[in-house]
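Under the working numbering, the very last position in the sequence shown is 270; numbers go up by exactly one each time.
Cβ coordinates follow ideal geometry from the N, Cα and C atoms, glycine included.
If you're wondering where the values come from, they're calculated on a predicted model, not measured in any experiment.
Reviewing the structure listed below.
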Amino acid sequence: MRSTTLIAILLYTSTAIGQIDFSKPFQDCNVTGSITIYDYKNQQWIFSDTADAKKAMQPASTFKIMNLLIALETGVIKDEQTIVKWIGTTDTTLYGYRPEIYKDMTVKEAFTVSAGWVFIELAKKIGKEKYLHYLKACDYGNLDLSEMGDDFWNFGPFGISPLNQIEFLTKVYEGKVPFSKKNIGILKKVMVSEKTKQYTLRSKTGWTRVDGKDIGWWVGFVERKDSVYFFATRLIKPRKIVNPDFGQCRKNITKTILKQLKAI
Numbered sequence: 007m008r009s010t011t012l013i014a015i016l017l018y019t020s021t022a023i024g025q026i027d028f029s030k031p032f033q034d035c036n037v038t039g040s041i042t043i044y045d046y047k048n049q050q051w052i053f054s055d056t057a058d059a060k061k062a063m064q065p066a067s068t069f070k071i072m073n074l075l076i077a078l079e080t081g082v083i084k085d086e087q088t089i090v091k092w093i094g095t096t097d098t099t100l101y102g103y104r105p106e107i108y109k110d111m112t113v114k115e116a117f118t119v120s121a122g123w124v125f126i127e128l129a130k131k132i133g134k135e136k137y138l139h140y141l142k143a144c145d146y147g148n149l150d151l152s153e154m155g156d157d158f159w160n161f162g163p164f165g166i167s168p169l170n171q172i173e174f175l176t177k178v179y180e181g182k183v184p185f186s187k188k189n190i191g192i193l194k195k196v197m198v199s200e201k202t203k204q205y206t207l208r209s210k211t212g213w214t215r216v217d218g219k220d221i222g223w224w225v226g227f228v229e230r231k232d233s234v235y236f237f238a239t240r241l242i243k244p245r246k247i248v249n250p251d252f253g254q255c256r257k258n259i260t261k262t263i264l265k266q267l268k269a270i
């Protein structure tokens, strides 16, 4: 990544850039966590919490970004329209009961609706040796794949920080990753979650439950004609605390702050 200017903005204080308030969106959602943003044009990092931005945790379904690229590059799938057959059963204790995803589906659909079982099936075919090769080549995460199960991105010691998430996304954007231009193009197309005349937003959510905590992510980047903003939002709460808005808060917090930065 290019040399950058660090801008530290402390969360839960009145600190703001101009009229931008970085703490209220978190307070409104009654959650803790952080948002990390990289202003590509101006080469500026913006942190709500510099310490949290460097702390690695399980990437959860945000790993589907990497997973899709590796599955394509290794030939495990031909393209995003490859159909994965429903395996007939899944662990609802770990992944919840989601009958709407218990069917044959394309990889693109699985990415969009975050059907974890599809990517677990792809992971079985890829194997951890190939994963480790690409993770090292991309400098992605802490490289600890010692989790016995195939779903190492949701459980176990494998982790990535918000800052590292953005470093990886920036490399993808610049084409500086060990994947073909074609496969990067497929990923970028699949990642589109919002498109207007002013911008295109490419993103992926993630949510896992480990060590008595809910960990929720939303990562991606906003492309405008004259600028690009990369973001990684991570929320954390004790599982014993009920917050029905936790999932939506990942996007609400991020969009509120991106709007204040005039990124969207």
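Neighbourhood of residue i by C-beta, 8 Å cutoff - its chain only, sequence neighbours within 5 removed
i	result
I190	L75, V178, G181, V183
T260	I41, W224, F237, T239
Opposing strand residues paired with residue i [DSSP bridges]
i	result
A238	T42, V225
E200	L207
M72	DSSP lists no partner for M72.
R256	Per DSSP, none; premise fails for R256.
Where residue i falls: helix, strand or coil (DSSP)
i	result
M154	coil
T211	strand
Y108	coil
I89	strand
D220	strand
K47	coil
K243	strand
Per-residue burial, residue i [other beta carbons within 10 Å of its own, 16 or more giving buried]
i	result
E106	exposed
R208	buried
Y44	buried
A116	buried
Y103	exposed
D34	exposed
T19	Residue confidence for T19 is low, a pLDDT of 32 falling below 50, so the modelled location carries little weight; the figure read from the coordinates is stated next. The residue in question, T19, is exposed, as its Cβ has fewer than 16 Cβ neighbours within 10 Å.
T11	Interpretation of T11 is limited by its pLDDT of 37, a score under 50 that renders its predicted location unreliable; the figure taken from the coordinates is listed afterwards. So T11 ends up on the exposed side.
D55	buried
A269	buried
N36	exposed
Q50	exposed
V124	buried
R245	exposed
D110	exposed
I135	According to the sequence as given, residue 135 is Glu; it is not Ile. Classification of E135: exposed, given that the 10 Å Cβ count is below 16.
Run of the alpha helix (DSSP H) containing residue i, from where it starts to where it stops
i	result
Q50	Where Q50 is concerned, there is no enclosing alpha helix (DSSP H), although the beta strand (DSSP E) it sits in stretches over 50 to 53.
K177	168 to 180
K134	134 to 144
F32	30 to 35
D58	56 to 59
F117	113 to 119
Y101	98 to 101
Minimum Cβ-Cβ distance from residue i to chain B less than 9 Å
i	result
D156	Although the question refers to chain B, the structure presented lacks it and comprises just one protein chain.
Close-in-space but distant-in-sequence residues of the same chain around residue i (CB under 6 Å, 5 per side omitted)
i	result
I23	In this prediction, I23 has a pLDDT of 49, which is less than 50 and means its spatial position is unreliable; what the coordinates show is noted afterwards. Around I23: no qualifying Cβ.
G226	R208, S209
A129	D156
Close-in-space but distant-in-sequence residues of the same chain around residue i (CB under 7 Å, 5 per side omitted)
i	result
S186	E79
N150	In the sequence as displayed, the identity of residue 150 is Asp instead of Asn. Closer than 7 Å at the Cβ level, and outside the excluded window around D150, lie P163, F164.
A143	P184
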